[in-house]
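Q: Okay, here's the structure, questions in a sec.
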Amino acid sequence: MPPKEKKKSLKQKTLLGFFPKSSQPGPPLPTAITPRQKTSTSKVLENEQEPSSSPRTASQSTPASSRMSAASPITSTPDVKMVGNDEEEDGEVKIVLGRVEVKARGGSSTKRKLLSSRPSTDDDDLNGDFVASDDDMEGASRAKPKPSETGKSKGGNITKSRPSFLSALPSNNFLTAAEQRAQNSKKDKTASENCYSFLVDRRDKDGNPPDSPDFDPRTLYIPKSTWKSFTPFETQFWTIKQDQYDTVLFFQKGKFFELYENDAEIGHSEFDLKLTDRVKMKMVGVPEMSFDFWAAKGYKVGRVDQTETSLGAEMRVAKKGGAKEIVRRELGKILTNGTLVDSNMITDDQAGHLISIREDEGGTSCFGLCILDASTGEFNLSTFTDDVCGTKLETVIRQLRPKEILYTKGNLSVPTTRLLKALLSSSCIWSPLRKMEGLGYDATLETLEELYPADPENMDDDERPSAIPEVILSLINQRVPMEALGSMIWYLRTLNLDKDMLSMKNFCIYDPMRKGKGLVLDGQTLAHIEVLRNSDGSDEGSLLKLLGSCITPFGKRLFRIWLCMPLREVKAINERLDAVDDLMDNPTVENTFTTLAKSLPDLERIVSRIHAGSCKPKDFHRVLTSFRQLSEGFSEIATSADTFKSKSVSGLLRSAPDLEPYIKHVESMFKTPDDDALDLVPVDGKDKEFDEIQGQITDLENELDQGLKKLRERVSHELQYWHSATGNKEIYLVEAPTKCDRIPKNWTKNGSNKTKTRWVVPEMVSTIRQLKEARETRKTVIRDFKLRLYAEFDSERSIWLRAVKVMAELDCLFSLAKSSASMGQPCCRPEFIQSDEAFIDFKQLRHPALSLKNDFIPNDVKLGGDSQRIALLTGPNMGGKSTAMRMTAVGVIMAQLGMYVPAKCARLSPVDAILTRMGAYDNMFSNASTFKVEMDECCKILREATPKSLVILDELGRGTSTYDGMAIAGAVLHQLSTHTLALSCFATHYSTLTDDYAYHPNIRNMHMGTIVDESERRLVFTYKLMNGVAASSFGTHVASLAGVPLGVVNRAEMVSRDFAKQFQTRMAEKRQEIVSALPLTAQADFAYLFRLAAVNTCIYKCPT
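Laid out in structure tokens, this is it:
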């Protein structure tokens, strides 16, 4: 009796060589397995003509069956017949004989794959015949050949010399499994490189190489001869990819999305996804439910959706006749950083804008902008002529912080490009268009007429279609903004977003400065005062972070707009303050509002998704529920608001529409979905087509239920139906106890476990097929109904959005009230006085960032009115000059925003603009030095300031030599005090300015208090704003505080004293030389007045 063989480990088992390990050559194995004899284990092997749709991430473990499937290629053997119903016995894989022929044919082999733990995808039934792969033959013989028994075959493979049908197989089984896998990987890689040589010699679709100026990186050239070697799926993939080469394409395969080739490399390197090889293509995959997460990573992403199931494809092919076809897939929307639309992809409640910019090429600095917030479908059009500093463009960029810029190559000037590079964040995407792309002026007009066709009964005077939105019509004669709009339309078409966005007709005019309508805060002021962002780019410590307490996402977006554009009209400011007073005095109303606001989703964005037809059923039902809560909440708050002192809040609530009739109308069209419901279905009797198909399904299900009862009587055992967990693929399989011995012979076994066995009953197959087709038809009917339901909701979009706007305004008012109440004491309501000239008067003013600290130092600030209009501020470094000036500007912004101010008393007249020049920095992107930046900003201030403006100037002239800087600072101060008459805070270290302008009635010398200990060279900063001139800038003292070596500080102090003495002596001598009693500045004023009078009386004439 032969010795008992040792039990083999799993690694040693013979798996896919369908031959038991034996030391003696045996006869060819019998021919086949019938489908009936196939167990669930035998289903692991399937033919694959396209990459597998079962991706695994790095975190997933490899199943044992997958670990045992590594194979080495073989030459095809025409008459090989093998079995496949593998069952384990005594630790070894044995082969159960059957009758299904499994052979390699035609001189080439077809890959086979291992199914993962996920359900098979819809493409799995479309792969053709069940053909054995090269890989399936690995381990066919484990006997290590002797050197004398080996030789080279014609194909170069090592084969056994002894006669057997195994001699047709490669005998590289002496390799370990790891070595065989490495060999296979190398061969697959070589085959892939040969097949995809067009990726190595990269060209665009027009054949241009990358170094060509006409090269288009968005397209890919694929030779015609290469298409013939593609499988159907490869053809489907490369047909889309060749036009979207710069896009990461997510291909839907059942319940997964897969990325191939270069996209797979990105998924592996950037997302840390498991990289695998499927046939000739590299691949990574993610579950369908996680698409939004990966799409929000900042790449340009395209979603290729599976538009039918495998059953749907079979029904389509059967209807028209012909051979099997691959499942249809279509490229849906392409998403970029600036066009993310779904709330699951957007991590920020603030809007993410895409800006199409067009510059007039005539050198006039005229700009046209088309600004899109894709999440809400709102377009803003703007056109303006900018100054040399690019003030308006800078203001737009700082206000909006776009995530993507769309421009035409060669259109933007060098200064504009430098300005944008300096202002835009590193995450902002630059999307260039070639000159032949986009839409010109005439093409834009034609496109608008196509998008908004004319109503023959309603034409305007110039015969342009009145269906074009009024905002566009107001700019239709201006070339630059229309070309910016044309570029936007063209770009949205390439992303398949044009219909969703443009059909909403949500167009507005965007005025970044709002001159005459509100307090102007230009880009420099927003940056210097840290309104939206602080100096390091984050929002920590910014005014937006300090004051913004909104709860709803749409409220937060509106509050940002309010903060960038405070009010200017006294009446409007006081009305807002009245509302804030009422809300602060009624905390119960605030509690009611907070409960309501926290329950609401981002209704503004979801309404736009409903318009596009891409809202999920559960989200749609949630929207209706939220609007009902909103309507009820408005009613509850309005009841309390009727008792308020002012009518601001109650008036706002009365402007909200009554939503209940609209909600009931929409809800009457569909059944309320359950928690487990996946879709919206019409109410019985409301949709004839749905009722008919649902009736068919019910009849077929009843027929199957009756059939099950008959089967129970037939086999005399308890039977039940088994359905796969997901999908419509395996349904109504009959599950019987394993011990049942009366199963008819014509039943086909489908799978089993310890207690149950699943069977396919032939007499039910036809009915099940009809049921599957009916359910597939029902899906189409439900999809059409859902679109009609969304369209009905969208027909009242203006009503829904009006309610959202009321809620957003109410949220902003509560935010102002909460910020006002939490500011600490002292805190007051600002008093506004209408005046032709601005003035401000703050008592014990504090910065809101410091308002809750116990050791804050409040300051009195008074400019204009019965006091001087300009504060000439001196004092040591670190003494608090810049903070005092920022605090003044922030106090004005808060007051005109319509909220309480952290001060004991605040009286002011509205300011029309805050203009600032603070800090010392160069601008590398603008090719401007520190001093050039200073002068550009100063020039803008002198040009735009009015008697109603507030000007903040911090150490002007420091970027050049002492004398030049002093002269420029003096000239600017003279202009502001004598001619512009703007309220100003002018900080300087030029002490001579305090002497030169001591006489001036509009200038008051002030300084930051400091206590000096000369013996120890110590400074104590009091941070108190005081009248008079600072004794010194105490630069050497500050140097000592900073830790500069004592010897250096002593030497510096000695030189400073000598320099000051020489300078004072020189200035005294010059004053003695002046004959006139009037100082130089007064003489300049007198000369200006004389020249002005001479011109007006025609006495003075300029030489010709």
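Residues in the sequence shown are numbered consecutively from 600, following our numbering. Cβ atoms here follow ideal geometry from the backbone N, Cα and C, with glycine treated the same way.
1) Between Leu-1580 and the rest of its own chain, which residues show a CB-CB distance below 8 angstroms, the 5 nearest in sequence each way excluded?
2) If you compare alpha carbons, which of Lys-919, Leu-1162, Asp-972 and Ser-1245 is closest to Arg-1208?
3) Excluding the five sequence neighbours on either side, which residues of its own chain have a C-beta within less than 8 angstroms of the C-beta of Gly-1085, listed in chain order?
4) Would you call the segment 993-1001 and the segment 1076-1096 touching, i.e. three or more CB-CB distances under 8 angstroms?
5) From the DSSP output, which residues share a beta bridge with Val-883?
6) For Leu-819, name the three-state secondary structure that DSSP assigns.
7) Which first and last residues belong to the beta strand (DSSP E) in which Trp-1321 is found?
8) Would Arg-1374 and Ile-1262 be called neighbours here (beta carbons separated by less than 9 angstroms)?
9) Whether or not the segment 1470-1477 and the segment 1391-1408 are in contact is what I'm after, with contact meaning three or more pairs of Cβ atoms, one per stretch, closer than 8 angstroms; do they touch?
10) Using only the alpha-carbon positions, how far apart do Thr-1664 and Leu-1645 sit?
11) Taking C-alpha atoms, which residue in Arg-1445, Arg-1368, Pro-1501 and Ala-1255 lies nearest to Thr-1482?
12) Please classify Ile-1513 as buried or exposed, where buried requires at least 16 neighbouring CB atoms within 10 angstroms.
13) Among the residues of its own chain, which have a CB less than 8 angstroms from the CB of Val-1637, if the five just before and after it don't count?
14) In the DSSP assignment, the beta strand (DSSP E) including Glu-1028 goes from what residue to what residue?
15) With Phe-978 as the anchor, note down where its beta strand (DSSP E) starts and where it stops.
16) How many angstroms separate the CA atom of Arg-1092 from the CA atom of Lys-1385?
17) To which residues does DSSP link Met-1406 through a beta bridge?
18) Only counting the same chain, and skipping five residues up and downstream in sequence, which positions put a Cβ closer than 6 angstroms to that of Tyr-1622?
19) Which word fits Tyr-1589, buried or exposed, when buried means at least 16 other C-beta atoms lie within 10 angstroms of its C-beta?
20) Going by other Cβ atoms of all chains shown within 10 Å of its Cβ, with 16 needed for buried, is Ile-1381 buried or exposed?
21) Using a Cβ-Cβ cutoff of less than 7 angstroms, which residues in the same chain neighbour Met-1183 once the five nearest sequence positions on both sides are dropped?
22) Look at the Cβ atom of Ala-1196, then the Cβ atom of Leu-1251, and state whether they are nearer than 9 angstroms.
23) Are Phe-855 and Val-900 touching if we call contact CB-CB under 9 angstroms?
24) Count the other C-beta atoms from every protein chain shown that fall within 10 angstroms of the C-beta of Cys-1411, then say buried if there are 16 or more, exposed otherwise.
25) List, from N- to C-terminal side, the beta strand (DSSP E) runs of 3 residues or more that fit wholly inside the segment 1536-1624.
26) Looking at the secondary structure, which residues open and close the beta strand (DSSP E) in which Arg-902 lies?
27) Please state the DSSP three-state secondary structure of Cys-1163.
28) With DSSP collapsed to three states, give me the class of Thr-846.
29) Near Pro-1281, what residues of its chain come up, given a Cβ to Cβ distance below 7 angstroms and the 5 sequence neighbours on each side ignored?
30) Let me check one thing: in DSSP terms, what residues is Thr-1515 bridge-paired to?
31) Please identify the residue among Val-1130, Asp-947, Ser-964 and Thr-1379 whose C-alpha is closest to the C-alpha of Gly-911.
32) Please name the residue, chosen from Thr-838, Val-1333 and Thr-1015, that lies closest to Asp-1304 on a Cα-to-Cα basis.
33) So, under 8 angstroms CB-CB, Asn-1105 and Glu-977 are touching, yes? Tell me the CB distance rounded to an integer number of Å.
34) Is it right to say Ala-1597 is buried, meaning 16 or more other beta carbons lie within 10 angstroms of its own, or is it exposed?
35) Closest to His-1599 by C-alpha separation, out of Gly-1569, Ile-1205, Arg-1078 and Cys-1214, would be which residue?
36) Taking its Cβ as the centre, do 16 or more other Cβ atoms sit within 10 Å of Phe-832, making it buried, or is it exposed?
A: So, from the listed chains and residues:
1) Within the sequence shown, numbered from 1, the residue matching residue 1580 stands at position 981. The residues are Glu-1436, Arg-1468, Pro-1546 and Asn-1601.
2) Your numbering for residue 1208 matches position 609 in the sequence shown. Per the Cα distances, Asp-972.
3) In the sequence shown, counting from the first residue as 1, residue 1085 sits at position 486. Hits under 8 angstroms: Gly-1037, Leu-1038, Gly-1039, Tyr-1040, Ala-1042, Thr-1043 and Thr-1046.
4) no
5) In the sequence shown, the residue the question calls residue 883 occupies position 284. According to DSSP, Val-883 bridges with Leu-858.
6) Within the sequence shown, numbered from 1, the residue matching residue 819 stands at position 220. If DSSP states are grouped into helix, strand and coil, Leu-819 belongs with coil.
7) For the purposes of this step, residue 1321 is identified with residue 722 of the sequence shown, where counting begins at 1. Where Trp-1321 is concerned, the enclosing beta strand (DSSP E) stretches over 1319-1321.
8) As a first step, residue 1374 must be located in the sequence shown, where it is residue number 775. As a first step, residue 1262 must be located in the sequence shown, where it is residue number 663. Against a cut-off of 9 angstroms, the Cβ pair of Ile-1262 and Arg-1374 comes out as no contact.
9) no
10) By 1-based counting over the sequence shown, the position of residue 1664 is 1065. By 1-based counting over the sequence shown, the position of residue 1645 is 1046. Approximately 29 angstroms, taken between the alpha carbons.
11) As a first step, residue 1482 is located in the sequence shown; it is residue number 883 there, counting from the start. Nearest of Arg-1445, Arg-1368, Pro-1501 and Ala-1255 to Thr-1482, Cα basis: Arg-1445.
12) Position 914 of the sequence shown, counting from 1, holds the residue named residue 1513. With 16 or more other Cβ atoms within 10 Å, it is buried.
13) As a working note, residue 1637 is residue 1038 in the sequence shown. Once the five neighbours on either side are set aside, the close Cβ partners of Val-1637 are Pro-1475, Asn-1476, Met-1477 and Leu-1618.
14) By 1-based counting over the sequence shown, the position of residue 1028 is 429. Strictly speaking, residue 1028 in this sequence is Ile, with Glu absent from that position. Run containing Ile-1028: 1028-1032, per the beta strand (DSSP E) assignment.
15) Translated into the one-based positions of the sequence shown, residue 978 becomes position 379. Segment 977-984, the beta strand (DSSP E) holding Phe-978.
16) For the purposes of this step, residue 1092 is taken as residue 493 along the sequence shown, with counting starting at 1. For the purposes of this step, residue 1385 is taken as residue 786 along the sequence shown, with counting starting at 1. Those two C-alpha atoms are separated by around 25 angstroms.
17) If you number the sequence shown from 1, residue 1406 lands on position 807. Looking at the DSSP assignment, Met-1406 forms no beta bridge with any residue, so it has no partner.
18) As a first step, residue 1622 is located in the sequence shown; it is residue number 1023 there, counting from the start. The answer, listed in chain order, is Ile-1456 and Gly-1479.
19) Against the sequence shown, residue 1589 aligns to sequence position 990. So Tyr-1589 ends up on the buried side.
20) In the sequence shown, the residue the question calls residue 1381 occupies position 782. So Ile-1381 counts as buried.
21) Reading the sequence shown from its first residue, position 584 is the one you call residue 1183. Counting only Cβ-Cβ distances below 7 angstroms, and skipping sequence neighbours, we find Ala-1416, Ser-1419 and Ala-1420.
22) Taking the sequence shown and counting its residues from 1, one reaches residue 1196 at position 597. Taking the sequence shown and counting its residues from 1, one reaches residue 1251 at position 652. Against a cut-off of 9 angstroms, the Cβ pair of Leu-1251 and Ala-1196 comes out as no contact.
23) In the sequence shown, counting from the first residue as 1, residue 855 sits at position 256. In the sequence shown, counting from the first residue as 1, residue 900 sits at position 301. Going by C-beta atoms, Phe-855 is not nearer than 9 angstroms to Val-900.
24) By one-based count along the sequence shown, residue 1411 stands at place 812. When all chains shown are included, Cys-1411 counts as buried.
25) 1548-1553, 1582-1586 and 1602-1612
26) For the purposes of this step, residue 902 is taken as the residue at position 303 of the sequence shown. That run of the beta strand (DSSP E) goes 900-905.
27) Numbered from its first residue, the sequence shown carries residue 1163 at position 564. Three-state DSSP puts Cys-1163 in a helix.
28) Taking the sequence shown and counting its residues from 1, one reaches residue 846 at position 247. Coil.
29) Along the sequence shown, read from residue 1 onward, the residue named residue 1281 stands at position 682. These residues qualify, in order along the chain: Met-1268, Phe-1269, Phe-1289 and Phe-1384.
30) In the sequence shown, counting from the first residue as 1, residue 1515 sits at position 916. In the DSSP output, where bridge partners are listed per residue, Thr-1515 has Ile-1551.
31) Stepping through the sequence shown from its first residue, residue 911 is reached at position 312. For Gly-911, the nearest C-alpha among the options comes from Thr-1379.
32) Along the sequence shown, one-based indexing puts residue 1304 at 705. If we check each option's Cα against that of Asp-1304, Val-1333 comes out closest.
33) The sequence position of residue 1105 within the sequence shown is 506, counting from 1. The sequence position of residue 977 within the sequence shown is 378, counting from 1. The Cβ separation is near 5 angstroms, so the contact holds.
34) The residue you call residue 1597 lines up with position 998 of the sequence shown. Ala-1597 should be labelled exposed.
35) As a first step, residue 1599 is located in the sequence shown; it is residue number 1000 there, counting from the start. The shortest Cα separation from His-1599 among Gly-1569, Ile-1205, Arg-1078 and Cys-1214 belongs to Gly-1569.
36) The count along the sequence shown starts at 1 and reaches residue 832 at position 233. Under this definition Phe-832 is a buried residue.
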